[in-house]
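Residue numbers (our numbering), protein chains in the order written: chain V, 1 to 231; chain R, 232 to 462. The C-beta atom is built at its ideal place from N, Cα and C for all residues, glycine as well. Predicted, not measured: the structure shown is a model, and the values here were computed from it. What follows is one structure encoded as structure tokens, with my remarks underneath.
Protein chains: 2
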Amino acid sequence: MIINKKHACHEALVHRILSLDIQPGSTLDETLLSEEYGLSRTPLREVFQKLAGDGYLSQTENRGTKVSSMDLNSMRNFFQSAPMIYAAIARLAAENASVQQLDDLKSTQLQFRRAGEESETQDMAMYNHRFHHIMGEMAGNPYLTPSLNRLLIDHTRMSQMFYKPINSKERLLVWEACDQHDAMIEAIEKRDTSAIVQLTIAHWELSRDRIEKFVRPDPLDMDIGLQEAGE
Amino acid sequence: MIINKKHACHEALVHRILSLDIQPGSTLDETLLSEEYGLSRTPLREVFQKLAGDGYLSQTENRGTKVSSMDLNSMRNFFQSAPMIYAAIARLAAENASVQQLDDLKSTQLQFRRAGEESETQDMAMYNHRFHHIMGEMAGNPYLTPSLNRLLIDHTRMSQMFYKPINSKERLLVWEACDQHDAMIEAIEKRDTSAIVQLTIAHWELSRDRIEKFVRPDPLDMDIGLQEAGE
DNA sequence: TATGTTGCAATTGTATACAATATGTATTAT
DNA sequence: ATAATACATATTGTATACAATTGCAACATA
Numbered sequence: 001m002i003i004n005k006k007h008a009c010h011e012a013l014v015h016r017i018l019s020l021d022i023q024p025g026s027t028l029d030e031t032l033l034s035e036e037y038g039l040s041r042t043p044l045r046e047v048f049q050k051l052a053g054d055g056y057l058s059q060t061e062n063r064g065t066k067v068s069s070m071d072l073n074s075m076r077n078f079f080q081s082a083p084m085i086y087a088a089i090a091r092l093a094a095e096n097a098s099v100q101q102l103d104d105l106k107s108t109q110l111q112f113r114r115a116g117e118e119s120e121t122q123d124m125a126m127y128n129h130r131f132h133h134i135m136g137e138m139a140g141n142p143y144l145t146p147s148l149n150r151l152l153i154d155h156t157r158m159s160q161m162f163y164k165p166i167n168s169k170e171r172l173l174v175w176e177a178c179d180q181h182d183a184m185i186e187a188i189e190k191r192d193t194s195a196i197v198q199l200t201i202a203h204w205e206l207s208r209d210r211i212e213k214f215v216r217p218d219p220l221d222m223d224i225g226l227q228e229a230g231e
Numbered sequence: 232m233i234i235n236k237k238h239a240c241h242e243a244l245v246h247r248i249l250s251l252d253i254q255p256g257s258t259l260d261e262t263l264l265s266e267e268y269g270l271s272r273t274p275l276r277e278v279f280q281k282l283a284g285d286g287y288l289s290q291t292e293n294r295g296t297k298v299s300s301m302d303l304n305s306m307r308n309f310f311q312s313a314p315m316i317y318a319a320i321a322r323l324a325a326e327n328a329s330v331q332q333l334d335d336l337k338s339t340q341l342q343f344r345r346a347g348e349e350s351e352t353q354d355m356a357m358y359n360h361r362f363h364h365i366m367g368e369m370a371g372n373p374y375l376t377p378s379l380n381r382l383l384i385d386h387t388r389m390s391q392m393f394y395k396p397i398n399s400k401e402r403l404l405v406w407e408a409c410d411q412h413d414a415m416i417e418a419i420e421k422r423d424t425s426a427i428v429q430l431t432i433a434h435w436e437l438s439r440d441r442i443e444k445f446v447r448p449d450p451l452d453m454d455i456g457l458q459e460a461g462e
């Protein structure tokens, strides 16, 4: 293997956290995981420290390590700050993106679209995550990327929570989001800052509406609703 | 002692980095520091990991730990993103501050002013740092605070670099900044969001102008300048 | 002289044993 | 029966020995 066990463990944990395989708020067992990934507790703890620094985990002294929780309060904060950061990152990305980064973004977008065609919702969420993570790298602003990455963690986890089962109507929205990615790539290539900001806001609103729609779905048929209320 | 050696080491390193006692870009010796702070390499490395996660240090695999550098590029990024984050944090702080946090802020401001009266520039920079750090806690937005705290690290370090020797004219600006702090406290107390944003922008511009003034000072007397150029 | 190879010293990374702290359970006293 | 204490167990934190990697320098070779 090219990369070492520590990296493998790090990547695996990131994936498991983003995919909600390990639920928000659940505590991690050092001994168990160290055996699972074939390393001793010392390097595993270092992985924990790094993941905690990146916002995946939260550590309490003498009381172990938990996966960062997602309560109502953090969701409120999320919706409050995401648009600003996303827009700022997008503008900087368009200004500073290198060709390698653009290639990286394009190939990620290809994989994202392919996952969409095959309805691999889990993969989609991951490639979407990577897409926006690369945008952060393009921006290259070490003061903003930490915020972006923390937002992305919870954005991806919400995706997993909220739009796992896709019905036929919602599929259209997925393709719209996918097309927006393509448009964003084009805007970055042209260094069109106003276009990328516009697109990013539209992209955000689409995502937000989907989440909102899931949280507050169309009400049931009145008759049924009243019957249930009167039971 | 109340807190343990690990915390003490963490605090000490933070102080030494912010005060430029350890210069940006310099590498840290694990063995040396572990002896200095009386702990073994394992917990010291954990301190390193945490400080790296917070942006104080940067680690490269198999190649040790360095204090985060401050080059021209990072300064550009700093000036680009600081106002946005500061303003957003200030608004949220005014909306969400608790009474304990306000008390904390007030006592920090008292210490800041006292340090100013005694011309303890080092202490001033530290209390100023804490002042704005508390504002971040007041905002209570885990997606924005990491960016704020990264900005504050370099903002404080720039203060140390740039306005160490204070001349009589610049003293007035210091008092202006100090008064702005008081006004900010008042605005937070009144939950006056538009006032706090205004004040924060003014506060930022004052700080920025001082740094700019230092980087690009008033030119020398023309005669002298021409003589030197013709030598 | 420039380049590449080999070996040594220094530094970083990992495993494991041990210490400290927390948690759960049983026992005792009221 | 309940509360408090003490003990046992599990988990986290630290020290240290050992392994792996890097960087440097001396040497050889083209």
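Quiz item: Closest by CA to K236 (chain R), which one among R:T273, R:A313, R:L251, R:L336?
Solution: One-based indexing of the second sequence puts residue 236 (chain R) at position 5. Nearest C-alpha to K236 (chain R): R:T273.
Exercise. Provide the residue(s) that pair with V174 (chain V) in DSSP beta bridges, ordered along the chain.
Key: The residue labelled residue 174 (chain V) in the question sits at position 174 within the first sequence. The partner list for V174 (chain V) (beta bridge, DSSP) is empty, contrary to what the question assumes.
Quiz item: Does the distance from the C-beta atom of N308 (chain R) to that of N141 (chain V) stay below 7 Å?
Solution: As a position in the second sequence, residue 308 (chain R) is number 77, starting the count at 1. As a position in the first sequence, residue 141 (chain V) is number 141, starting the count at 1. Result yes, Cβ atoms of N308 (chain R) and N141 (chain V) sit closer than 7 Å.
Exercise. Using the DSSP secondary-structure output, state which residues sit across from L288 (chain R) in a beta bridge.
Key: For the purposes of this step, residue 288 (chain R) is taken as residue 57 along the second sequence, with counting starting at 1. BP columns for L288 (chain R) point to R:V298.
Practice problem: Indicate the three-state DSSP secondary structure (helix, strand or coil) for L251 (chain R) in the structure shown. | Solution: In the second sequence, the residue the question calls residue 251 (chain R) occupies position 20. Three-state result, L251 (chain R): coil.
Quiz prompt | Identity of the residue in R:R361, R:H246, R:I316, R:S305 nearest V428 (chain R) by Cα | solution = In the second sequence, residue 428 (chain R) corresponds to position 197, counting from 1. If we check each option's Cα against that of V428 (chain R), R:I316 comes out closest.
Self-check item: Selection from R:E436, R:N380, R:T387 that minimises the alpha carbon distance to E407 (chain R)
Solution: What you label residue 407 (chain R) is simply residue 176 of the second sequence in a count that begins at 1. Out of R:E436, R:N380, R:T387, R:E436 has the C-alpha closest to the C-alpha of E407 (chain R).
Quiz item: Going by DSSP, what residues sit across from L28 (chain V) in a beta bridge?
Solution: On the first sequence, position 28 is the one that residue 28 (chain V) refers to. Answer by DSSP bridge pairing, in chain order: V:T65.
Quiz item: Does DSSP put E231 (chain V) in a helix, in a strand, or in coil?
Solution: Walking along the first sequence from the start, residue 231 (chain V) turns up at place 231. Unreliable placement is indicated for E231 (chain V), whose pLDDT of 37 sits below 50; the coordinate value is still reported in the next sentence. The answer is coil: DSSP assigns E231 (chain V) none of H, G, I, E or B.
Exercise. Output, in chain order, the set of chain R residues within a Cβ distance shorter than 7 Å of R191 (chain V).
Key: The residue labelled residue 191 (chain V) in the question sits at position 191 within the first sequence. Going along chain R, no residue has its Cβ under 7 Å from R191 (chain V), so there is no contact; the nearest lies around 16 Å.
Quiz item: Under a three-way DSSP split, which group does D452 (chain R) fall into?
Solution: Counted from its first residue, the second sequence places residue 452 (chain R) at position 221. Three-state DSSP puts D452 (chain R) in coil, outside helix and strand.
Practice problem: Find out if the Cβ-Cβ distance for the pair P146 (chain V), S350 (chain R) is shorter than 7 Å. | Solution: Looking up residue 146 (chain V) in the first sequence gives position 146. Looking up residue 350 (chain R) in the second sequence gives position 119. Not in contact: P146 (chain V) and S350 (chain R) (Cβ atoms no closer than 7 Å).
Quiz prompt | E462 (chain R) to C409 (chain R) span [Cα, whole Å] | solution = Indexing the second sequence from 1 puts residue 462 (chain R) at position 231. Indexing the second sequence from 1 puts residue 409 (chain R) at position 178. Note that E462 (chain R) scores a pLDDT of 36, beneath 50, so its modelled location is shaky and nothing firm can be said.
Quiz prompt | Contacts that G284 (chain R) makes with chain V (C-beta to C-beta distance below 8 Å) | solution = Counted from its first residue, the second sequence places residue 284 (chain R) at position 53. The answer, in chain order, is Q49, K50, A52, G53, D54.
Quiz item: Taking the Cβ atom as the reference point for each residue, do Q340 (chain R) and H246 (chain R) lie within a distance shorter than 7 Å?
Solution: Taking the first residue of the second sequence as 1, we reach residue 340 (chain R) at position 109. Taking the first residue of the second sequence as 1, we reach residue 246 (chain R) at position 15. It is not a contact, given that the beta carbons lie outside the stated cut-off.
Self-check item: Short CB-CB distance (under 7 Å) between Y86 (chain V) and chain R
Solution: Walking along the first sequence from the start, residue 86 (chain V) turns up at place 86. Output row for Y86 (chain V): interface = no.
Quiz item: Where does the unbroken alpha helix (DSSP H) through S194 (chain V) begin, and where does it stop?
Solution: Numbered from 1 along the first sequence, position 194 holds the residue referred to as residue 194 (chain V). Segment 193 to 215, the alpha helix (DSSP H) holding S194 (chain V).
Quiz item: Which term fits F343 (chain R), buried or exposed, when burial requires 16 or more other beta carbons within 10 angstroms of its beta carbon?
Solution: Position 112 of the second sequence, counted from the start, is the residue given in the question as residue 343 (chain R). F343 (chain R) is buried by the Cβ-count criterion.
Self-check item: chain V within 7 Å of S378 (chain R), Cβ atoms only
Solution: Translated into positions along the second sequence, residue 378 (chain R) becomes position 147. Judged by the 7 Å Cβ criterion, S378 (chain R) is in contact with chain V.
Quiz item: How many angstroms separate the CA atom of Q353 (chain R) from the CA atom of R345 (chain R)?
Solution: Reading the second sequence from its first residue, position 122 is the one you call residue 353 (chain R). Reading the second sequence from its first residue, position 114 is the one you call residue 345 (chain R). Q353 (chain R) and R345 (chain R): Cα-Cα distance of roughly 12 Å.
Quiz item: Whose Cβ in chain R lies nearer than 7 Å to the Cβ of S194 (chain V)?
Solution: Reading the first sequence from its first residue, position 194 is the one you call residue 194 (chain V). In chain order: nothing, as chain R lies at least about 17 Å away.
Quiz prompt | Contained alpha helix (DSSP H) runs [length at least 4] in the segment 73 to 123 of chain V, N- to C-terminal order | solution = 99 to 117
Quiz item: Are the beta-carbon atoms belonging to V174 (chain V) and G116 (chain V) less than 7 Å from one another?
Solution: Along the first sequence, one-based indexing puts residue 174 (chain V) at 174. Along the first sequence, one-based indexing puts residue 116 (chain V) at 116. In contact: V174 (chain V) and G116 (chain V) (Cβ atoms closer than 7 Å).
Quiz item: So the alpha helix (DSSP H) P377 (chain R) belongs to, where does it begin and stop?
Solution: Along the second sequence, read from residue 1 onward, the residue named residue 377 (chain R) stands at position 146. Here the alpha helix (DSSP H) through P377 (chain R) covers 376 to 393.
Self-check item: Alpha-carbon spacing of E212 (chain V) relative to L28 (chain V), whole angstroms
Solution: To locate residue 212 (chain V), count along the first sequence from 1; it is residue 212. To locate residue 28 (chain V), count along the first sequence from 1; it is residue 28. Whole-angstrom Cα-Cα distance: 31 Å.
Practice problem: State buried or exposed for N167 (chain V), treating a residue as buried only when at least 16 other CB atoms are found within 10 Å of its CB. | Solution: Taking the first sequence and counting its residues from 1, the one referred to as residue 167 (chain V) is at position 167. Exposed, since its Cβ has fewer than 16 Cβ neighbours within 10 Å.
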